[in-house]
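**Q**
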């Protein structure tokens, strides 16, 4: 896509002004989408780094048997039951 956009000015040299305006609009939208995609990739990398530093497991990882137990707190007692 980026290489096609680089070739666009030579292809539009003999086109009508309306076609040039349409091409400029397409170029603008494409450039913005490329920029948004790059920023999203940066956010994903940052979240992965933070998750790793916090010791979070991957969403694909299966929980261990001890992690599947649910804690139940009795409101009448200070003890916790499993």
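In full-length UniProt numbering, the protein residues as written are 1 to 82.
Just so it is clear, CB atoms sit at the ideal spot from N, CA and C, and this is done for glycine as well.
In whole angstroms, what separates the C-alpha of residue 81 from that of residue 57?
**A** The count along the chain shown starts at 1 and reaches residue 81 at position 81. The count along the chain shown starts at 1 and reaches residue 57 at position 57. Residue placement at residue 81 cannot be trusted, given a pLDDT of 48 that sits under 50; what the coordinates show is reported in the next sentence. Approximately 25 Å between the Cα atoms of the pair.
**Q** For residue 57, which three-state DSSP category applies?
**A** By one-based count along the chain shown, residue 57 stands at place 57. In this structure, residue 57 counts as coil in the three-state DSSP scheme.
**Q** Going by the CB atoms, is the gap between residue 8 and residue 18 shorter than 7 Å?
**A** Counted from its first residue, the chain shown places residue 18 at position 18. Counted from its first residue, the chain shown places residue 8 at position 8. Contact: no.
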